[in-house]
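Read the structure below first, then the notes.
Number of protein chains: 2
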Amino acid sequence: MTTVETTVSYSVSEAAEAVGLSTYTLRWYEQEGLVEPIGRDSAGRRRYNAGDIGFLGLLTKLRGTGMSVADMRRYAELVRSGTGTYDARLELLEGHRDRVLERIDALKRDLEAVDFKISMYRAYQCQEQSS
Amino acid sequence: MTTVETTVSYSVSEAAEAVGLSTYTLRWYEQEGLVEPIGRDSAGRRRYNAGDIGFLGLLTKLRGTGMSVADMRRYAELVRSGTGTYDARLELLEGHRDRVLERIDALKRDLEAVDFKISMYRAYQCQEQSS
DNA sequence: CTTCCTCTTCGAGTACGCTCGAAGTCAACC
DNA sequence: GGTTGACTTCGAGCGTACTCGAAGAGGAAG
Chain A
1 MTTVETTVSY SVSEAAEAVG LSTYTLRWYE QEGLVEPIGR DSAGRRRYNA GDIGFLGLLT
61 KLRGTGMSVA DMRRYAELVR SGTGTYDARL ELLEGHRDRV LERIDALKRD LEAVDFKISM
121 YRAYQCQEQS S
Chain B
132 MTTVETTVSY SVSEAAEAVG LSTYTLRWYE QEGLVEPIGR DSAGRRRYNA GDIGFLGLLT
192 KLRGTGMSVA DMRRYAELVR SGTGTYDARL ELLEGHRDRV LERIDALKRD LEAVDFKISM
252 YRAYQCQEQS S
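Which chain is which? The protein sequence lines are A and B, in order.
Numbering of the first sequence is given in the numbering used here, commencing with residue 1 and proceeding in unit increments.
Numbering of the second sequence is given in the numbering used here, commencing with residue 132 and proceeding in unit increments.
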């Protein structure tokens, strides 16, 4: 039994669509070393495979949680350096997660002050209505 | 009975200390219209009063929750325009609060993907230990 | 009076993360 | 063969939010 390798692949614009980044940004991520050099077709055009898309998906989560491009590059370099870097990757991600949790707490704390101010303006509105 | 106006006031560096911003940033906030022009002493030096400090405190909460400087200026302008702008202020702050809540949700969502990745690396660690 | 310190204004510089324009290549379609 | 459209690289430009350096003024202490 022979299996045909029907490797799915995406052009830069398809990949951009798939991961929610612009084509500019995808090329820039590659240039910045956030993803390994993307494979090319015979005409030199990028072909993103499923693994590339998956990794870009993770990168967008990291960016979405505020990781700096510098740290994303550090993580990407660890991944490229092979299986001997699991501990370092774990440390990087755990450090990031802790910072994100702190950030969420800070947002909630600061939001309380805003909510208090909102309640003041709501109180003024009620006064207006009662007069 | 006469009361002496013991108005507390702060130099730019004291104000910076009090609100947790740099002196550069405080001067810049004034220049950008995020606070009303700060009073000066006879030598032309800024004197921040309690109200200024309080307003700066609110501004830091707004910045801390990711409000843009442009929106902070809009809010400051509404405050300076007097009591007729309560509705507009409320609308601005409520819109902001909604965006912050969405942001917190997005952080939590994206963090789940990171946590999943962390759990994968933890699993690898356990494999190593068991071999 | 001199030194020291903090303040002033002004404009320039920095860091980050994209975002874009220009010029050119290549495959596909008519 | 010509046109179209998506792609390539390169370097430049942009928006946001500060951050800083330089030059000078003014008050307080020795």
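Every residue gets a Cβ at the ideal spot worked out from N, C-alpha and C, and that includes glycine.
Item	Value
Comparing the C-beta of B/Leu221 with each C-beta of chain A, is any distance below 7 Å?	yes
Can you tell me the Cα-Cα spacing of B/Ala207 and B/Val139, whole angstroms?	23 Å
Between B/Arg194, B/Lys239, B/Val210 and B/Thr214, which has its C-alpha nearest B/Gly151's C-alpha?	B/Arg194
Using only the alpha-carbon positions, how far apart do A/Pro37 and B/Arg211 sit?	54 Å
In terms of alpha-carbon separation, which member of A/Val114, A/Arg122, A/Gln127 and A/Leu90 lies closest to B/Val251?	According to the sequence as given, residue 251 of chain B is Met; it is not Val. The candidate whose alpha carbon is nearest that of B/Met251 is A/Leu90.
Our contact map puts B/Lys192 next to A/Val114 with C-beta atoms below 8 Å; I'd like the distance itself, whole angstroms only.	6 Å
Taking a cut of 9 Å between CB atoms, which residues from the region 236-250 of chain B lie near chain A?	Ala237, Leu238, Lys239, Arg240, Asp241, Leu242, Glu243, Ala244, Val245, Asp246, Lys248 and Ile249
Which of helix, strand or coil does DSSP assign to A/Thr20?	The identity of residue 20 of chain A in the sequence shown is Gly, whereas the question assumes Thr. A/Gly20 falls in the coil class under three-state DSSP.
Going by beta-carbon coordinates alone, are B/Met203 and B/Leu190 separated by less than 7 Å?	yes
If you draw a straight line from the alpha carbon of A/Gly66 to that of B/Tyr255, how long is it in whole angstroms?	26 Å
Could you check if B/Tyr179 is buried or exposed, using at least 16 other CB atoms within 10 Å of its CB as the buried criterion?	buried
Mind listing which residues of the region 76-89 of chain A have their C-beta closer than 7 Å to chain B's C-betas, in chain order?	Tyr86 and Arg89
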